[in-house]
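Reminder that position 110 of the sequence shown reads as 110 in my numbering, one-by-one numbering, no gaps. To keep things clear, I will list the structure first and then write my remarks on it.
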Amino acid sequence: MVETTTGLRPTYPIKTDRLDLRPHRREDLDDLYAFHSRPEVVRYVPWPVRDREQTREALEKKLVQGELAEEGQWLVLAIELRESGTVIGEVLLKWDSIANRQGELGFALHTDYQGQGLAREAAEAVLRLGFEELGLHRICAICVRENADSARLLQRLGMRQEGHLVHNTFFKGEWIDELVFAIREDEWRQSG
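Next up, the structure:
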């Protein structure tokens, strides 16, 4: 069992086969705006379609989210396509609880890059961070029931659906159902 209370300060970039995961930089604004401004990208994520100034404001907050120092914080990493140097999305890890060693996974990807296994590649790297470096016992992910693509991705990551919460969140003007997925550290190790 890995114990941790010191947080997570990864060495960047975190390299996968095709991606570099790293903290955001101010130079990411154009790439970030390219997907934060798309209705089809933000349809199932907590933020609205953003204009350039709203994207700039969001980016300023992301600039300091490259490490986890205490529970309740989100690690927010740019997904950079190494071949082009383009930021094509974001992958997130929340440190929910020190005592219970719980975390939460999140991601958003530009529609032009979906369906190529890139979100899975980024999410696998973040699961590895959560289990191997942060010492988490369990990582969950929550998605809107209608977001079938994300639900399939979570299943491909080895996460099982643990719950279906009915009309539990008022989201973008309506009550929605959410699906809760999770994987434990021992299950993750067995699947690898």
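Beta carbons: idealized from backbone N, C-alpha and C, even for Gly.
Asked                                                                                                           : Found
Inter-residue Cα distance where the pair is Arg-160 and Glu-121                                                 : 18 angstroms
Ala-34 versus Asp-112: straight-line alpha-carbon distance, rounded                                             : 10 angstroms
Residue burial classification, Asp-31 (beta-carbon count within 10 angstroms, cutoff 16)                        : buried
Cβ pair count under 8 angstroms reaching 3, the segment 95-102 against the segment 34-45                        : no
Endpoints, alpha helix (DSSP H) assigned at Thr-55                                                              : 52-62
Straight-line Cα distance separating Gly-158 from Leu-63                                                        : 30 angstroms
Classification of Pro-39 by the beta-carbon crowding that lies within 10 angstroms, buried from 16 upward       : exposed
Of the residues Ser-191, Ala-148, Leu-153, Ile-139, the one placed nearest Arg-184, counting alpha carbons only : Ile-139
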